Amino acid sequence: IIIKMAKFLGNRSLFDGGAAPLIMGSLTLFTLKCVVIPLHKNYGTQMIKGLSDRSDLFEETDEIFVLQALGGFFGYVIMSFLCTFLDISLWNLNMTSWKVQHARSFFTIREWFDAYSLSTINQLLFSWAATVPAYHLQKSGIFHPNTPLASLIDQFELLPAIMHLAFCGLFIEVWFFSTHRLLHYPPLFKTIHKKHHRFHAPTAVASMYAHPIEFVVGNALGVVLGPAIINCHPYTGAFWVCFSLITTGGSHSGFPFFGALDHDAHHEFFDVNYGVGVFMDMLFGTCFEGSELEKKVLSKRAKASLKSK
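Below you can see the structure in the form of structure tokens.
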């Protein structure tokens, strides 16, 4: 599997997503440095005080909860509006071929507002069902009984942060693949997951467009449980949550250089590329690239291209 993964990733050019992790990481650092951390420093205390005054679930010392929440929200917003700007620009310049499914990969104004509205509702109203239990799980110390809750006053160290991010990456790959595959079971697909598959050629703004149950269990929990279990530094946790939302936007953006090739194929063909990466799909034989389905699709496109000439 590891050899297959190396060959798979090695075949990707920079434009086809080879540089996507670097681009997504840079956007995450920009979002944290220029938006999330300044907002948290200026308003974090007031925000958590407001929450603690209204609910027994929070204490005034729970500022790191706010830090992660800001990271997730602005990760989605910044990636969505960046890709929307690119979509408008490419459409007006008649450069639709830059996107995976070409002209299909653009939303109407109504589709854009539908996608943005539900995505925002999911984050503002339903994300609590995942983030609050995960944070209290971290505070309980069940998974780190001999280590105190990570705090902003703790020294940030790069090597532990990299190891914690690697754990979170592996965790979300297993979690998302498993829950996503389950949601394709016909009864669950019809009642829950079909909503997300409304868009066969999605854009970044639709990355959180999902039934609330899918959003909470399949998406949000998979992101926030990793930092809670590993008890990582608050800045590492904020980076991970923000990075997750930005890369999710990228995988739904339709832009190959943002890493959209694999998940775009899932939206187009439904029963391939269930994971956020390639490990689980290779393990279970559900990769689109190199499959018989891909060969049939490429053959069909080649024949169509010849006929058009």
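Heads up, the sequence shown stops at 311 in the working numbering, and the numbers go up one at a time, no gaps. Here a beta-carbon is modelled for each residue, glycine too, at the ideal position from N, C-alpha and C. None of these values were measured; they are calculated from a predicted model.
>> Please give me, in chain order, every unbroken run of the alpha helix (DSSP H) with length at least 4 that falls completely inside the segment 62-141.
In response: Segments of the alpha helix (DSSP H) lying fully in the segment 62-141: 65-94, 111-123.
> With distances taken from CA atoms, which of F245, D273, F83, K297 is nearest F286?
Replying inline: In the sequence shown, the residue the question calls residue 286 occupies position 284. F286 has its Cα closest to that of D273, out of F245, D273, F83, K297.
> Roughly how many angstroms separate the alpha carbons of Y187 and E270, rounded to a whole number?
Replying inline: Within the sequence shown, residue 187 is the residue found at index 185, counting from 1. Within the sequence shown, residue 270 is the residue found at index 268, counting from 1. Going from the Cα of Y187 to the Cα of E270 covers about 17 angstroms.
> If you draw a straight line from the C-alpha of N275 to the C-alpha of E175, how long is it?
Replying inline: Taking the first residue of the sequence shown as 1, we reach residue 275 at position 273. Taking the first residue of the sequence shown as 1, we reach residue 175 at position 173. Roughly 11 angstroms separates the two Cα atoms.
> Taking all protein chains shown into account, do 16 or more other C-beta atoms lie within 10 angstroms of the C-beta of M26, making it buried, or fewer, making it exposed?
Replying inline: Here residue 26 refers to the residue found at position 24 of the sequence shown. That one is buried.
> At which residues does the alpha helix (DSSP H) containing P32 begin and terminate?
Replying inline: In the sequence shown, residue 32 corresponds to position 30, counting from 1. The sequence given here places Phe at residue 32; Pro does not occur at that position. First-last of the alpha helix (DSSP H) with F32: 22-33.
> Nearest to D58 by alpha carbon, out of A222, V134, E291?
Replying inline: Here residue 58 corresponds to residue number 56 of the sequence shown, with the count starting at 1. With distances taken between Cα atoms, D58 lies closest to V134.
> Tell me which same chain residues have a C-beta within less than 7 angstroms of the C-beta of L167, skipping the five on either side of it?
Replying inline: In the sequence shown, the residue the question calls residue 167 occupies position 165. Cβ within range, chain order: T238, W242.
> Can the beta-carbon of A21 be found closer than 7 angstroms to that of F260?
Replying inline: Position 19 of the sequence shown, counting from 1, holds the residue named residue 21. Position 258 of the sequence shown, counting from 1, holds the residue named residue 260. Cβ distance not < 7 angstroms, so A21 and F260 don't count as in contact.
>> Mapping the DSSP letters down to three states, classify F286 as helix, strand or coil.
In response: As a first step, residue 286 is located in the sequence shown; it is residue number 284 there, counting from the start. Helix, per DSSP.
> Which first and last residues belong to the alpha helix (DSSP H) in which S209 is found?
Replying inline: Locating residue 209 in the sequence shown gives position 207, counting from the first residue. DSSP places S209 outside any alpha helix (DSSP H), giving it a letter other than H or E.
> Should L300 be labelled buried (16 or more other beta-carbon atoms within 10 Å of its own) or exposed?
Replying inline: By 1-based counting over the sequence shown, the position of residue 300 is 298. By the 10 Å Cβ count, L300 comes out exposed.
> Between S180 and T193, what straight-line distance do the alpha-carbon atoms span, to the nearest angstrom?
Replying inline: What you label residue 180 is simply residue 178 of the sequence shown in a count that begins at 1. What you label residue 193 is simply residue 191 of the sequence shown in a count that begins at 1. Near 18 angstroms, if we compare the C-alpha coordinates of T193 and S180.
>> Taking the alpha carbon of L72 as the reference point, which residue from Y45, E291, I231, Y118 has its own alpha carbon closest?
In response: The sequence position of residue 72 within the sequence shown is 70, counting from 1. Here the closest residue by C-alpha is Y45.
> Can you give the beta carbon distance from G312 to Q125, rounded, assuming they're within the 8 angstroms contact cut?
Replying inline: Any property of residue 312 remains undetermined from this structure, which presents the chain solely from 3 to 311.
> Below 7 angstroms between beta carbons: does that hold for P204 and H254?
Replying inline: The residue you call residue 204 lines up with position 202 of the sequence shown. The residue you call residue 254 lines up with position 252 of the sequence shown. Yes; because the gap between Cβ atoms is below 7 angstroms, this pair is in contact.
> Can you tell me the Cα-Cα spacing of L312 and K302, whole angstroms?
Replying inline: The displayed coordinates of the chain run from 3 to 311. Any statement about residue 312 would go beyond what the structure contains.
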